[in-house]
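J.:
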Amino acid sequence: MIQTIRNAWKVPELRNKLLFTVFALLIFRVGAAVPVPFINTDLLSSYITSQSASIFGLLNVMSGDAFAQATVFALSIQPYINSSIIIQLLTIAIPALERLQKEGGEEGKKKIAAITRYATVGIALIQAFGYYTTIRVGSGGTSFLSAQGVWPAVVIITAFVAGSAFLMWLGEQITEFGIGNGISIILFAGIVGRVPNMVYNIYAGVIAWMNGEVYSETNQVSVLHPAFILLIVAGMLLLVAFIVFMDNSERRIPVQYAKRVVGRKMYGGQSSHLPIKVNMSGVLPIIFAQSIATIPATIGMFVPDARVEGTGWNTFLTIFDTRGLPYCIVYFLLIVLFSYFYNTIQFNPVEVSNNLKKNGGFIPGFRPGKPTSDFLSKVVSRITMFGALYLAVVALLPTIVGNIMFALGSSAGRSLAIGGTSVIIVVGVALETVKALEAQLMMRHYKGFLE
């Protein structure tokens, strides 16, 4: 990875792309520290921190602590991700959008992108109003606002929506002028930006254990036994190694090309293979599953009773706690669903079969045409299930381990589930970005047949 970055730095064009990406991420981190006026950030931060094991903690992780601090980028890139999910699902359901995507060419893609942007602003407006409602109601009868009235409400909601829209634009700029997928890169930067805070929390947890403090629901003191640090670090390293191994795993289907004579030359006759990756969709199923899983928390933002213990809405949000069984089941099913959804979009067995037939290629044991496409569909379906189960199990394993640690007396287990999910996203985005960088290097070092 380091060698790839060094090689890319030697190419002026790639160096500019890297510098552009770094500069864009610097803007993101600066914006994540700019507070929105009329909000008591100290009280709000304490409340969100106390809810670190809930869905609010997940929103805070994805925004790089901007959610708890109520900064301009508090909503992060989540509205754009939700908008992309909705538009892509509607593209399948609505024939007009499907025709626009498949037959509209470059102009159709621009229209789809414009619709996605408008939907992003609409979703951001809804989430911003919900977040403002949460801030206004506060906790225990104490509002998190430092000023009441219509004008503070307009300023707060507008700032949140503008921040989310700007991040959407910034992500598109990174995709076009930088390296890798801009949306994934921004998520990556937000999660990595919390590393110093995580290290401090671990240190504070060890000090609390050495002082003999005990965790309780009232004092919310993080207590961590030193032995758990070794277990967490070893588990994370094994998780990273397993993710890298699975990301590079693929099923290679043998392909034989028939000999054909063109003029005086003979082409074909060689053997090759068709690589099908186990995890074709990368980290997108996890990112999108998390976005859908935050819908209950978004609904709860509009209901003041959701912060009152014993009410129906509070029970509803508690059920969808990141440590609860219902959340794990929904999260598992969503990851599997989105894995199949994205693999269907990325790999078309009929199109691959037709391309093999046009180029004189065939899979040994299967006739060109429908038999080949049926075989490819069966292989992709099995591999997708294996890849989806891999993603779901790896995403939920930290939740199980965290509950076990909490049962053994370590409060650090409460937030381990979120930390494990963050590792999956960070490692996945890093691998995808390095591969994109290697592809750019290969394209620029290929001399061609004229040289």
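Its first residue numbered 1211, the sequence shown is counted upward by one per residue in our numbering. Positions of the beta carbon are idealized from the N, C-alpha and C atoms, including for glycine. A quick note: this is a predicted structure, and the numbers were derived from the prediction, not measured.
#1: Quick test of your reading: L1380 and I1497, contact by CB under 8 angstroms. State the CB separation rounded to the nearest angstrom.
#2: Under DSSP, the beta strand (DSSP E) around V1465 begins and ends at which residues?
#3: To test your reading of the DSSP string, which unbroken alpha helix (DSSP H) runs of 4 or more residues are found completely within the region 1288-1357?
#4: Do you know offhand how far I1325's Cα is from I1297's?
#5: Could you check the C-alpha separation between I1287 and T1344 for me, to the nearest Å?
#6: Just reading off the beta strand (DSSP E) that L1484 is part of, what are its end residues?
#7: What is the rounded straight-line gap between the Cα of E1427 and the Cα of Y1290?
#8: CB-CB under 6 angstroms to F1277, same chain, minus the five flanking residues each way: which ones, in chain order?
#9: Contact between the region 1543-1560 and the region 1573-1592 is defined here as three or more beta-carbon pairs at a separation below 8 angstroms; is this criterion met?
#10: Nearest to T1385 by CA position, among I1366, A1234, M1456, is which residue?
#11: What number of angstroms, rounded off, separates the C-alpha of G1340 from the C-alpha of I1509?
#12: Just confirm the distance between the C-beta atoms of L1448 and V1639, as a whole number of angstroms; I'd bet it's less than 8 angstroms.
#13: Straight-line CA distance for G1373 to Q1556?
#14: Mapping DSSP to helix, strand and coil, what is T1582?
#15: Can you check which of these residues, Q1337, F1387, S1255, L1300, is closest to A1646 by C-alpha distance?
#16: Is the beta carbon of V1662 less than 9 angstroms from the beta carbon of V1636?
#17: With a CB to CB cut of under 6 angstroms and the five nearest residues on each side skipped, what residues in its chain are close to V1582?
#18: Thinking L1606 and F1542 are a contact (beta carbons under 8 angstroms), I'd like their distance in whole angstroms, please.
#19: Can you tell me which residues form a DSSP beta bridge with P1245?
#20: Near S1293, what residues of its chain come up, given a Cβ to Cβ distance below 6 angstroms and the 5 sequence neighbours on each side ignored?
#21: Under DSSP, the alpha helix (DSSP H) around S1501 begins and ends at which residues?
#22: So, with DSSP's three-state summary, where would you put F1530?
#23: If you follow the alpha helix (DSSP H) that T1251 is in, where does it begin and where does it stop?
#24: Give the secondary structure of F1557 by DSSP, where H, G and I count as helix, E and B as strand, and everything else as coil.
#25: What do you get for S1273, buried or exposed, if any count of 16 or more other CB atoms within 10 angstroms of its CB means buried?
#26: Buried or exposed, going by whether 16 or more other CB atoms sit within 10 Å of the CB of W1361?
#27: Could you compute how far the alpha carbon of M1378 sits from the alpha carbon of I1322?
#28: To the nearest angstrom, how far is the alpha carbon of T1352 from that of P1495?
#29: Pick from I1295, N1565, I1393: whose alpha carbon is nearest that of S1501?
#30: In whole angstroms, what separates the C-alpha of L1544 from that of A1468?
#31: Closest to Y1257 by C-alpha separation, out of V1347, I1215, L1228, would be which residue?
#32: What are the boundary residues of the alpha helix (DSSP H) that R1216 is part of?
#33: How many angstroms separate the CA atom of I1486 from the CA atom of G1400?
#34: I need the straight-line Cα distance from Y1342 to A1598, nearest angstrom please.
#35: Quick check on M1490: buried or exposed, where buried means 16 or more other Cβ atoms within 10 Å of its Cβ?
#36: For G1571, which beta-bridge partners are listed by DSSP?
T.: Let's see:
#1: Contact between L1380 and I1497 is ruled out by a C-beta separation of about 17 angstroms, above the 8 angstroms threshold.
#2: Per DSSP, the unbroken beta strand (DSSP E) holding V1465 starts and ends at 1460-1467.
#3: As far as the region 1288-1357 is concerned, its whole alpha helix (DSSP H) runs of at least 4 residues are 1288-1303, 1305-1313, 1315-1347.
#4: The alpha-carbon atoms of I1325 and I1297 are separated by roughly 8 angstroms.
#5: In a straight line, the C-alpha of I1287 is about 20 angstroms away from that of T1344.
#6: Taken as a continuous stretch (DSSP letters only), the beta strand (DSSP E) holding L1484 covers 1481-1487.
#7: Confidence at E1427 is low in this model, with a pLDDT of 49, below 50, so the placement of that residue is unreliable and no value is reported for it.
#8: Excluding sequence neighbours, F1277 sits near L1269, N1270, A1284.
#9: Contact between the region 1543-1560 and the region 1573-1592 is present, because at least three Cβ pairs lie under 8 angstroms.
#10: Of all alpha-carbon atoms in I1366, A1234, M1456, the one lying nearest the alpha-carbon of T1385 is that of A1234.
#11: So the alpha carbons of these two residues sit roughly 8 angstroms apart.
#12: Contact between L1448 and V1639 is ruled out by a C-beta separation of about 19 angstroms, above the 8 angstroms threshold.
#13: Their backbone Cα atoms lie some 31 angstroms apart in a straight line.
#14: Residue state, collapsed to three classes: helix.
#15: A1646 has its Cα closest to that of F1387, out of Q1337, F1387, S1255, L1300.
#16: Since the first residue shown for the chain is 1211 and the last is 1661, residue 1662 is missing from the structure and cannot be characterised.
#17: At residue 1582 the sequence reads Thr, which differs from the Val that was named. Apart from sequence neighbours up to five positions away, the residues of its chain that approach T1582 with a beta-carbon distance below 6 angstroms are S1563, I1573, F1576, ordered along the chain.
#18: Yes, L1606 and F1542 are in contact; Cβ-Cβ is about 6 angstroms, under 8 angstroms.
#19: T1281, per the DSSP bridge assignment.
#20: Within the same chain, and ignoring the five residues on either side of S1293 in sequence, the residues whose Cβ sits closer than 6 angstroms to its Cβ are T1326, A1329, T1330, I1333.
#21: In the DSSP assignment, S1501 falls within the unbroken alpha helix (DSSP H) covering 1494-1503.
#22: Of the three classes helix, strand and coil, the one that applies to F1530 here is coil, per DSSP.
#23: Run containing T1251: 1251-1260, per the alpha helix (DSSP H) assignment.
#24: Here DSSP, grouped into helix, strand and coil, assigns F1557 to coil.
#25: Under this definition S1273 is a buried residue.
#26: W1361 is exposed by the Cβ-count criterion.
#27: Computed Cα separation, rounded: 15 angstroms.
#28: Between T1352 and P1495, the C-alpha separation is close to 38 angstroms.
#29: The shortest C-alpha separation from S1501 is found at I1295.
#30: Straight-line Cα distance between these residues: approximately 43 angstroms.
#31: Closest by alpha carbon: V1347.
#32: Counted as a single uninterrupted DSSP element, the alpha helix (DSSP H) harbouring R1216 occupies residues 1212-1220.
#33: Just so you know, the alpha carbons of I1486 and G1400 end up roughly 31 angstroms apart.
#34: Distance between the alpha carbons of Y1342 and A1598: 36 angstroms.
#35: Per the 10 Å Cβ criterion, buried.
#36: For G1571, which the question treats as bridged, DSSP gives the partners Y1467.
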